[in-house]
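Below is one structure, written out as structure tokens, with a few remarks after it.
In the numbering used here, the protein residues as written are 200 to 351.
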């Protein structure tokens with residue numbers, strides 16, 4: 200792990216506090232779409248993030264309603280999911296089975312996929328808007344604490 204030494208005042212603890220606060224708030228705000236189950240929210244999110252991580256930076260899919268088609272989603276194996284959502288296997292498996300039964304996750308050749316149709320549901324569009332708002336607030340709070348994003 201690389202340690203980054205800030206150029207100005209050491210504000211790392213403040214920034215960690217802001218990010219941790221937002222992580223908890225995001226999970227709490229997104230859990231109701233998953234029956235108030237923050238673990239389901241986390242596992243579900245891990246699946247779709249892994250399905251589409253290769254599309255980060257693809258301008259075709261940057262707008263809110265420009266949803267990548269199923270053909271663009273990469274199925275993920277349970278081993279890949281275990282790496283990003285470490286928890287006892289019986290718990291992870293039960294969440295996956297539950298989400299498959301609900302129809303928000305599908306089994307495809309090569310692994311698990313959250314299908315494009317799920318992202319058109321009002322609860323997903325609202326969740327994307329809510330998450331975006333939380334990120335804007337987090338960036339503002341980080342800047343107020345003295346964090347500099349530097350040059351791109």
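By construction, the Cβ of each residue, glycine as well, lies at the ideal position given by its N, Cα and C atoms.
Whose C-beta lies closer than 8 Å to the C-beta of residue 291 among residues of the same chain, with five residues either side of it excluded? 242, 277, 280, 281, 284
Within 8 Å, strictly: CB atoms of residue 257 and residue 315: no
So, helix, strand or coil for residue 313, using DSSP? Note: residue 313 maps to coil in three-state DSSP.
DSSP three-state assignment for residue 306, whether helix, strand or coil: strand
Can you confirm whether residue 341, when its beta carbon is compared against all beta carbons of chain D, has any partner nearer than 8 Å? Of the chains in the structure shown, none is chain D; there is only one protein chain.
With a floor of 3 residues, list each beta strand (DSSP E) that falls wholly inside the region 261 to 287, ordered by position along the chain. none
Where the alpha helix (DSSP H) containing residue 244 begins and where it ends: 237 to 251
Taking one C-beta from the region 224 to 234 and one from the region 321 to 335 each time, how about it: are there three or more such pairs within less than 8 Å? yes
According to DSSP, simplified to helix, strand and coil, what is residue 318? helix
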